[in-house]
Structures are given as C-alpha cells and as structure tokens.
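For reference, the structure discussed in these notes is given below.
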Amino acid sequence: MHRITGRAGGDNLIEMSPTESFNDDINGYNQHASSSTGSFQQGQSASFLTPDVCVETCESLSASLASLASSDHSDSPQFEAQTLERISALTGLSRKRALFLKFRSRIDKQQQSKDSVFFRDGLRRIDFVLSYVDDKAGERKQERRRVYEANLAKVGLELETEDKSESEDGKTYFVKIHAPWEVLATYADVLKIKVPFKVNDIPDNTEMPMNWLSTPFRLPETIMHPEPDFFTAPFDKSKSDFFLIDDKETFFPPSNRNRIVYYILSRCSYLREECGEKDKKGIKRLLNNGTYTAAFPLHDCRYWKKSRDTHCESERYSLYKHWARFLFFFKEQPLNLVRKYYGEKIGIYFAWLGFYTEMLLFAAIVGTICFVYGVLTYDENEWSKEICSGEIGGKIVMCPLCDKKCGFWKLNSTCNSSWQSHLFDNVGTVFFAIFMGIWVTLFLELWKRRQARLEYEWDLVDFEEEQQQLQLRPEYETKCSNRKLNRITQEMEPYLPITSKCARLCLSGATVIFWISLIIACIIGVIAYRLAVYAAFASIMKDNPTSHLQVVGPYITPQLATSVTASCINFVIIMILNLMYERVAVWITDMEIPKTHLEYENKLTVKMFLFQFVNYYSSCFYVAFFKGKFVGYPGNYAYMFGRWSKLRNEECDPGGCLIELTTQLVIVMTGKQVWGNIQEALVPWLMNWWGSRKARKHPESIYSRWEQDNDLQSFGQLGLFYEYLEMVIQFGFITLFVASFPLAPLLALINNIIEVRVDAWKLTTQYRRPVAAKAHSIGAWEEILSGIAVLSVVTNAFIVAFTSDMIPRLVYMYAYHPDGEMNMKGYINNSLSMFNISAIPVANSPEEGENPAWFNSSITTCRYRDFRYPSGHEKQYSHTMQFWHILAAKLAFIIIMEHVVFMVKFFVAWMIPDVPSDVRARVKRERYLVQEYLHNYEVDKLKKQLTHNNCSNDCTCTPMIYPTLSKHEVLSECL
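Going letter by letter, the sequence shown gives residues 629 to 1603 in the working numbering.
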C-alpha cells in the first residue's frame, strides 16, 4: 500500500518500503508540475533522487515542504534561506538542488486544482475522504485512527493524508482513500455488482406518434442517456475476461467505487485483534465517537463550472445545468444520469416523484373543473339565498352556541360561510371523490409498470430482497454474539435470541403507543381550546367589532376565528412533536437491532408513518367525523368531559362542517409544504454560506475539492427517508380528505413542481455526495400508499355522507318537498328544529348583556340544527322520521360508493399488467444471452486448458484470470 502524507510522525507510513516512501513523497507531484519543471527533473533525478538518500529523513522533508508552502512568511528572504539550509541539511543535497525542491513544492501547490478528484500523482482516483481534527488530548482517538487506517491498508486500500497545514482552517486533516483494481474486483464479486458483457442488440421501438410535440420538454440525448445500453451480468472475478473491460480505472463508475469503499469502511475494525472487542468496528461508530468528523465520497467538480481536469466527468455540473435549476421545471428529468451519479436508490426516488407529479396533473385538472362548477352554480344556491334573505334567514333566531357567554343570533349572520361552503359542497364533489378513488388505482398500477421498466434499464431485475440478506448490518454483526448454522449457506452466522428480540419489540411497541397517546392527548387539548375559546370569541364579536376591517371584516366570525387559531396551534404542535419523535423512532429502531439495512428501513418507516399519520390527520378526522355529531339539543347538551367541565361540544354551521374541514386541510397541508421547503432549502444554504464564508475568498490552490465538500451538509443515511415521508403525507392529504377540498391536488402539483427542483438543487449544491446504494423499488412506501388508497375510498364516502349536506338535501328534494317539485325551496326551514326559549335551563342561558340589542321577550322560540320533534309533540325532542330516512340514505350511499369504486379499482388493477410486455421480452432475452455467453466462455476456456495440457514442457501460457488478493484481508462474512 502506498500512503503519502504531509505530516510528521512515526505512524504515517504504513507498509511502505523505503524507496517507495521517498518516491511517493517527492515524486508524487509529477502529474501537476509544469513541463519545464518536468524536463528539469528528468535530467536531474538520476543524480540526486537516489536510494542513497537516508529514508529516515523522508517525513521531516515532507513536513518542511508542507510548512514552506503554507507559511505566511514564505516570501521572506531570511525565511527562504533558513528553509533551504534546512532541506539541504536533511537531505545532504546541495543548496542548488534544495532550491529546486522548494520551487517544485511551490509549483505543485499552485498548480493543484480545487476540482481535483485524484491523488497527487494525478492517476489514482479519490474514492472516499475521511476528515478529522487532531485533538492533543485525544490519544485514544489517535490510536483508533492509527489502527483503523492500518486495517484499511490490510484490505488493500491506498491512503493519502493531507496535513492540517494544507487545509484552509489549519485544523483539519484529510485522509483520501483509493480502491485499486484488485479491491474493486474482489468486492464487486462479493456485492454481485452487475457489469456489461455485451452491447444491447435489441432494437428500441418505443417511438410514439406525434413525438415532435414533446420536443420542448426534452433534454439533450447525451444527458438523458450518458452511457450506451449493455447486457449485464453479476461480476465474477474469476471470469474477468468475460466482461467488457476496456480500462480498469474507469470500468467501475464512481458510484460503484464509493459503494464498495463504504462497504469496507463500515466493516473494518479500529482496535487490535488482541483487545477482543468485536463490536469496535465501522466508520459509523468512529463518526459517533468523534474519531473522525466526516466521511464522504467526493463530488466530481464544482456545480457551476466544469472541472479543468479532462479525465473528470463533470457530471455534477451537467446535473446542475440541466436538472437542478428551477427554469428547467418543465423539462424531463435526466434519471439515467441521476442514477449514474447518485446510485439507484436516489434515482428511484426522483423517478417516483416525477411520475407522481405527472399524475397529479390529471387530478388537478379535474379538481379545478369541479371547483369552477361550484363557482358557476354560485347563484343557483337556493339554500344560501334563504340563509342570506332578510325574510327567511333574517327572521330565524338561533339558539346560543355555548353556555353563558353566547347569546341568541340570527341565521343570516352565517351568510358568507354558506356561500363559501357551496364552492366545495356541491354535486361536483361527489363526482370528484369517485374519480380520485379510481385515480389512485391508476397511479399505483401505472407506477408499477414504470418501476418494472426502470428495474430492467437499471439492471435491478434480479436484485431481490434475499440478496440483501448477505449484507448484514455491521451493528447486527457486532451486537449479536450468538452464532447459529444457516441451513441454506451451511455457515455459522450471528443471530439475536428470541427472548431478547421479543423484549426489544415489546419495549419498542410500548414506546410507539406512548407517543401516539401523547399526540391524541395534544389533540384533545386543542379541542378543549376550541370549546373554551369559542365562547370568548362569541362574546367579543357580538357587537361585530371586525366589521370595520375592509375586505376580510365581514368574513370573520367566531367559528372562523376559532377554527383558524386552533389549526395554527395544531400545526405548531405537529412540528414540535415531529422533531421530538424523529430521534425517538431512530433510537428504538436501533435498539431492535434489525438484521439488514432493508429491515432497518422498513421498521423505521412503519414507526414514523404511524406517528405522522396520527399527528397530521387526527385534527382533520376530528372535524370530519366527530365535530357536530354528538351535540345534543337545548336543555340536554353533551359535554366533552361531563357537565362539570362546562366545555360543550361544538356545533357545525347551518351550512355544515365541510368548510371548516377545508380550512383545517388548507392550513395544515400548505403550512407543512411551505415549512418543509424552507427547512429543506434555506437552512442548508444558510449553514453552508456561514460555514464557508472565509474559505470562499481563498484561491484554488488552498481551498481544495475535499475541503469544499467537507464544508457542505451531510445528506445522511435517512435523508431520502424523510423525502418519501413528506410526499406520502401529502399523498394522504390529497386522497383521504379530497372530497372537502377539490383544489388539494392543484396545490400539491404546484408544490411538487417546486419540490423536484428544490430536492435536485439541494442534493447537487448543498449536500455532500451521498454514498451510492441500490434499490429496486420504493420499498415499504408502496404498501403504505396502497393502504392509503383503500382507506381514502372509505373516508371520502363518509365525508360526503356525514360531513357535507349533500345527502340531506337530496332526501329533502326527492322525498320531503311539500309541493312535489324537485327544488330546494324551504330546505333551511325544514332542516332546523324548534325549541321553547323558556325551557332552556339557567346553566345554558346567556348571561345578562350577552344577547344582541334586537332580542326581546316577544321572541319565544329559537332554532337549532337537527331533525327533532318540537316541544308539545308526543315525541318531543326525539328524532323525526326524516332523520332516520337521511341516516339510511347516508349508509346506503357509503355502501354503494365503496362497492362501485372498489369494483372499478380491482378491475383496473386486473386489466393493467404490472410488467410491460416489451420489458418482459427483454428480460428473457438478456437471461438467455447470459446463459449462452457464459456457456461459450466456459467452452473456450476448456479448449485453451486442453491446448495448454498438450503443449510441450517448455510451453508457458499467460494466466487468464486476475490473481486473488492473497496478501489482503477480505472484510466479508460471505467469503
């Protein structure tokens, strides 16, 4: 292993011979020197770079050159003379040759590009970077680093260290890691990475009619398809000449290279074997205990300009130019380039997000049409006309909505809210609820087809979850001390005893239940706030003090003020509980010790979604299905915690609770999206801007590529998880409660258009390059989306039936209209029951001064929203027959709507195959070719072996396969 360092110290040179050490420290800069300097060296190297130079002086010489390049007084003549004398004394060279070394050091420092992704020799690519700050008191950390880096050397990785004097802050060391071909080939075999063996010969017949219409939305072909299409097979090191290997240095793309290196880093021990602590391994633990401050693969260039190195791909620049800028929001995404640069897991996310956004376009169009229908039929709203009429609504006196602090009020005071309610509570809403039930099915089925095509194009067809069982989490390997025989592999493997597993699961489940209970308690608190504050708002607004406010004044009512403030408080509680629970969810998932990364993500996904589901949707469920349903009637009101609490259950407006559900949905959904975009984009930008404010002024020779990336934010292992969670929560809003707000898909579409570019921008410009990972699907999120799709049919049916006034109006129009005409005249009077004011108990009566000025003793009755017999009737205050007819109609509507939508859903799912026929044919073709070519390869190999055996004893043949890593340790439980 070659390790180049600019530090002084006895543990810097690992497994390096004296000649190699000297040549690496002195000649490692040849790639970046000027041509004149190079020619001078060629003439002089034979005379003074000889093995006679003492090896013990190499580290001191390196330190001298480093201090020379970084010193603030390097331009001083006295300092220059002292440095020359020092170099001459250390090396035994003449002053002239020492002057040349000093000149070379200065040239190398100035010529090194900040966009360099190579070692100092300009040949070996930097696959990973570790950074740390050397703490003088941290002897244990130094020992961990020394052992860890020595163990990396045993595996075959090559390291090069940048001294802190070379960094812009003067504190940070950088360890650059390169994986040579032998290491890459070995671990590509372990990880079963697919590589090309033949150019794809299947013609692409995907041309669509009128394809020219999509030209404005397309990107250049070199961006959309950055590499040709190949047939691929899992890499086998023993058959390396079977694959299309033109250049070993570029055969594995950077995403695969950093994935392999991270696999090694996460399994390498940092303590000596004699210590006996098997769990002390992995870069994750070293980052947690502060031994290293960061570990990341490098971006290949600065995002706003290409690298000056012609061997650098500058894919980051291409992604920023064609993908991460908002001006390209109407363009297609370069998914193949995203996959090549970031890996399949991130590529699948952006493919899903783009497809979801495309499908939202259709839902947004239909939802907008339904909203426009409500606007166009605004003047045909007969029940709102009656409410606003002075002859009808102006003469109907309503019973108080709360005890003591609420007075009697006239129905026409709710005129504005009834008109607003009609925009969303109309016949178009029913149609849209049914449409969204079918749309969800189409979205999920068409995504399965899109996902199947990506699986083929990205070589993920045979990437099954069983393969990930071979990649146990390092934490599982280290914490599970017990071993048992695997019946399939017949090898001993770690396992967690069933008693320990059950205990951990019980503790985890209890923790989740506790936090969900905490959310419910907070929601109950918000409901109590609504009940308590409504009375205060009603008392304050009894004289209409908001009427002087222009535009919004007439629309502010006690109900609206209570709803808006409660929704805002609920949103703040949601955000606070989110921040707290995220850490708890990660902690209890770690405590369960999942076996594989896939199992870990699935467990965390279920916990987080259950919490988020209750957190975000509980308030909407309350308004939709509980508010106004358990009110009672004057003289016998229902109370939240009993009569002693004096918190009377809320009533709905005469126009229904749908408008309040709409308000709640808009505030929570819009607030979450705005807050999410601020949190995702603005916060990382501010942190990066502040962290790199000094370094931005430095020249390229000082602020190097690894330092630039080190100053960026870490994307984190769960960065993608939170992106999925955000979108799935949004998906729930636009499906579960869409009957109350047809414009929800439009808001989601606008947000997602921004979201795609914000996610692309922050990933490309504000975050370090994530470690590439494979994924053949969106994982457990697909099952969660399917569950939401089924639940949405039920919730929308109940919203139309019980939250809106659609069913009572239809029952009145068809069965209870007095004149037999099919219109809504008289509906308001029919839907309100009557109660004698004298029968209202003192505890429910308004206090003195709370009633409006127009109220007097001549008013003997008040109305309330229900279908009950009036006082004096033999069945007084019990429900009328119309109530039971309406209830039966509601239940019938729910059953019919659910059955119709579910039948259509299942039929659509049955009609649309999950895998397109052309993809199925290509998969079969590729499998056939793999078998055929492997067979021919083995036959040719056998022929050569037979020919070799028939050769004379003097015949010598070149081995066909690459040598194995006999001198390196392979970190894998699979080998």
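C-beta atoms are modelled at their ideal positions from N, C-alpha and C, and glycine is treated no differently.
Quiz prompt | Residue of S894, L926, N917 and E1476 minimising C-alpha distance to I911 | solution = S894
Practice problem: Return helix, strand or coil for S1461, following the three-state DSSP convention. | Solution: strand
Quiz item: How would you write the range of the alpha helix (DSSP H) that F991 sits in, first residue to last?
Solution: Here residue 991 turns out to be Ala, not Phe, going by the sequence shown. Start and end: E972 to L1004.
Self-check item: Local Cβ density within 10 Å of T1217, reported as buried at 16 or more and exposed below that
Solution: buried
Quiz item: Hey, how far is the Cα of E1475 from the Cα of Y1162?
Solution: 16 Å
Exercise. Report the residue from F1059, A1408, K1032 and E1014 whose alpha carbon sits nearest the alpha carbon of S1041.
Key: E1014
Exercise. Answer yes or no: do E1278 and R1158 have a C-beta to C-beta separation smaller than 8 Å?
Key: yes
Quiz prompt | Buried or exposed (CB count within 10 angstroms, at least 16 for buried), G798 | solution = exposed
Quiz prompt | Closest by C-alpha distance to K909, when choosing among M1462, I1062, M1539 and E777 | solution = E777
Self-check item: Neighbourhood of L677 by C-beta distance below 6 Å, restricted to the same chain and skipping five residues each side
Solution: Only weak support exists for where L677 lies, its pLDDT of 38 falling under 50; the value from the coordinates is given anyway. Same-chain partners within the cutoff: there are none.
Quiz item: Under the rule that 16 or more other beta-carbon atoms within 10 Å means buried, what is R900, buried or exposed?
Solution: exposed
Quiz prompt | V1234 versus Y1228 - alpha carbon distance | solution = 10 Å
Practice problem: Specify whether the region 1454-1469 and the region 1259-1275 touch according to this definition: at least 3 beta carbon pairs, one from each stretch, less than 8 Å apart. | Solution: yes
Quiz item: Hey, F983 and L963: beta-carbon distance below 8 Å or not?
Solution: no
Quiz item: Looking at C-alpha atoms only, which residue of L1348, A1376 and Y760 is the closest neighbour of L915?
Solution: Y760
Quiz item: When we look at the beta-carbon of P1398 and count the other beta-carbons within 10 Å, is it buried (16 or more) or exposed?
Solution: buried
Quiz item: Tell me the DSSP bridge mates of A1164?
Solution: None, per the DSSP bridge assignment.
Exercise. Measure from the alpha carbon of N1044 to the alpha carbon of each residue in H1507, S1017, W1334 and V1439, then state which is nearest.
Key: S1017
Quiz item: With 16 other CB atoms within 10 Å as the buried threshold, where does C1280 fall?
Solution: buried
Self-check item: Paired residues, beta bridge with R753 - DSSP
Solution: F746
Quiz item: Given T1393, which residues of its chain have a CB within under 7 Å of its CB, disregarding the five upstream and five downstream residues?
Solution: Y931, Y948 and A952
Quiz item: Out of I851, Q1079 and D1494, which has the shortest C-alpha to C-alpha gap to I1406?
Solution: Q1079
Self-check item: Cβ-based burial, Y1442 [other Cβ within 10 Å; buried from 16]
Solution: exposed
Quiz item: Cα separation between L1135 and E1121?
Solution: 26 Å
Quiz item: How about the region 1045-1062 and the region 986-1004: do they share at least three Cβ pairs that are nearer than 8 Å?
Solution: yes
Quiz prompt | Cβ contact (3+ pairs, closer than 8 Å) linking the region 1519-1530 and the region 1493-1506 | solution = no
Quiz item: Between the C-alpha atoms of C1030 and Y1006, what's the straight-line distance to the nearest angstrom?
Solution: 31 Å
Exercise. For the region 998-1048, list the alpha helix (DSSP H) runs that are entirely contained and at least 4 residues long, ordered along the chain.
Key: 1010-1016
Quiz item: Considering only residues of the region 859-937, which uninterrupted beta strand (DSSP E) runs meet the minimum length of 3 residues and lie entirely inside it, listed in chain order?
Solution: 922-924
Exercise. Let me know if C1027 comes out buried or exposed under the rule of 16 or more other beta-carbons within 10 Å of its beta-carbon.
Key: buried
Quiz item: Out of curiosity, what's the CA-to-CA distance linking L750 and F871?
Solution: One point to set straight first is that residue 750 is Gly, not Leu, in the sequence displayed. In a straight line, the C-alpha of G750 is about 27 Å away from that of F871.
Practice problem: Please report the residue range of the beta strand (DSSP E) in which I830 lies. | Solution: Run containing I830: none; DSSP gives neither H nor E here.
Exercise. Out of K1107, C1108, E1119 and M1208, state which residue places its alpha-carbon closest to the alpha-carbon of W1143.
Key: M1208
Quiz item: At which residues does the beta strand (DSSP E) containing L1413 begin and terminate?
Solution: Taken as a continuous stretch (DSSP letters only), L1413 belongs to no beta strand (DSSP E), being part of the alpha helix (DSSP H) at A1408 to F1426.
Quiz item: Under the rule that 16 or more other beta-carbon atoms within 10 Å means buried, what is E943, buried or exposed?
Solution: buried
Exercise. Determine the direct distance from the alpha carbon of W1303 to that of L1205, and round the result to whole angstroms.
Key: 15 Å
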